[in-house]
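J.: For the sequence shown, our numbering begins at 7 and goes up steadily by one.
Have a look at this one.
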Amino acid sequence: MKILVLNGSPHLSGPTAHMVSAFIKGAEESGHTVVLVPVAHRNIRGCMACEYCREKEKGVCVQKDDMQAIYPEILSADMVVFASPIYYFTLSAQLQAVIHRTYAIDIPENVKKVALILSSGSPYVYGPAIAQYYHSIVEYWGVENAGIFTANGKQNNSREKRDELYRFGKSL
Ligand SMILES: Cc1cc2nc3c(=O)[nH]c(=O)nc-3n(C[C@H](O)[C@H](O)[C@H](O)COP(=O)(O)O)c2cc1C
């Protein structure tokens, strides 16, 4: 299976990245091919709602930024993992921009399952991010939710969390 991981954290060595690394280790050990894109370190602008992708050239985004390299990765993935810190109760703006820009390709038909990895300072802050994930991704794409993983406070960077993510990757 080809797995695309979109990490929306700007911290390359923060708790989100650590959970992502543990997941990737497990998934690769199980024989999957994983592509990791740290989207907060890419130049990806917000959707301009110009409708070019729907009305002029189907599936083509007029904005020629780093999203152009991510479109083929999404379209060829069997699974997409969304990873993000919680910012003001939802996903980071960087990951949000990527999700909005999938408007150009609409539903990626090859994707069969998705997962969500979230890190936050406090507990009980995941409602809006999880609601968006379910409505905009799981239900809209018509794919299986393979799992939702969260870490807050002391769980961040903990061995237990990394083991949980490693086991999840390994189980795929
Ligand atoms: C702009 C901003 C907004 C944040 N908003 C929240 C929030 O609403 N709730 C919360 O629990 N933590 C919030 N946090 C804390 C981060 O979610 C937390 O530090 C997280 O572990 C960061 O993960 P990372 O280092 O992997 O990016 C916020 C942090 C920043 C920088």
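Idealized CB from N, CA, C, for every residue including glycine.
(1) Report the residue from Arg48, Val87 and Phe155 whose alpha carbon sits nearest the alpha carbon of Lys70.
(2) Is the Cβ-Cβ distance between Glu79 and Leu10 less than 7 angstroms?
(3) Name the two residues that bound the continuous alpha helix (DSSP H) containing Lys160.
(4) Buried or exposed: Lys64, going by 16 or more other Cβ atoms within 10 Å of its Cβ?
(5) Below 6 angstroms CB to CB, which residues in the same chain sit around Tyr58 once its five sequence neighbours on both sides are set aside?
(6) Going straight from the alpha carbon of Arg173 to that of Ala121, what length do you get?
(7) Taking a contact to mean a Cβ-Cβ separation below 7 angstroms, would you say Ser125 touches Asn162 in this structure?
(8) At the level of alpha carbons, what is the spacing between Trp147 and Tyr109?
(9) Kindly indicate which residue of Tyr140, Gln102 and Ser98 has the alpha-carbon position closest to the one of Thr22.
(10) Straight-line CA distance for Ser164 to Tyr130?
(11) Extract the residue ranges of the alpha helix (DSSP H) inside the segment 23-88, only unbroken runs of 4 or more that lie entirely within it.
(12) Check whether the Cβ of His47 lies closer than 6 angstroms to any heavy atom of ligand 1, and answer yes or no.
(13) Using alpha carbons as the reference points, say which of Pro134, Phe88, Thr96 and Ser177 lies closest to Leu42.
(14) By Cβ distance, which residues of its chain are closer than 7 angstroms to Ile76, with the 5 residues on each side in sequence left out?
(15) Under 6 angstroms from any heavy atom of ligand 1, does the C-beta of Ile143 make it?
(16) Run through DSSP, which three-state label would Lys118 get?
T.: Reading off the structure:
(1) Taking the sequence shown and counting its residues from 1, the one referred to as residue 70 is at position 64. Closest by alpha carbon: Arg48.
(2) Taking the sequence shown and counting its residues from 1, one reaches residue 79 at position 73. Taking the sequence shown and counting its residues from 1, one reaches residue 10 at position 4. For Glu79 and Leu10, yes; Cβs fall inside 7 angstroms.
(3) Here the question's residue 160 lines up with position 154 in the sequence shown. Here Lys160 belongs to no alpha helix (DSSP H), and DSSP marks it neither H nor E.
(4) If you number the sequence shown from 1, residue 64 lands on position 58. Classification for Lys64: exposed.
(5) Position 52 of the sequence shown holds residue 58. So the qualifying residues of the chain are Val68.
(6) On the sequence shown, residue 173 is found 167 positions in, with the first residue counted as 1. On the sequence shown, residue 121 is found 115 positions in, with the first residue counted as 1. About 14 angstroms.
(7) On the sequence shown, residue 125 is found 119 positions in, with the first residue counted as 1. On the sequence shown, residue 162 is found 156 positions in, with the first residue counted as 1. Yes. Within cutoff.
(8) Your numbering for residue 147 matches position 141 in the sequence shown. Your numbering for residue 109 matches position 103 in the sequence shown. Approximately 12 angstroms between the Cα atoms of the pair.
(9) Taking the first residue of the sequence shown as position 1, residue 22 is located at position 16. For Thr22, the nearest C-alpha among the options comes from Ser98.
(10) The residue you call residue 164 lines up with position 158 of the sequence shown. The residue you call residue 130 lines up with position 124 of the sequence shown. Cα to Cα, Ser164 sits roughly 18 angstroms from Tyr130.
(11) 58-61 and 73-82
(12) One-based indexing of the sequence shown puts residue 47 at position 41. The answer is no for His47.
(13) Within the sequence shown, numbered from 1, the residue matching residue 42 stands at position 36. With distances taken between Cα atoms, Leu42 lies closest to Phe88.
(14) For the purposes of this step, residue 76 is taken as the residue at position 70 of the sequence shown. Excluding sequence neighbours, Ile76 sits near Val43 and Val104.
(15) Counted from its first residue, the sequence shown places residue 143 at position 137. Incorrect: Ile143 has no Cβ contact closer than 6 angstroms to ligand 1.
(16) If you number the sequence shown from 1, residue 118 lands on position 112. Lys118: coil per DSSP, three-state reduction.
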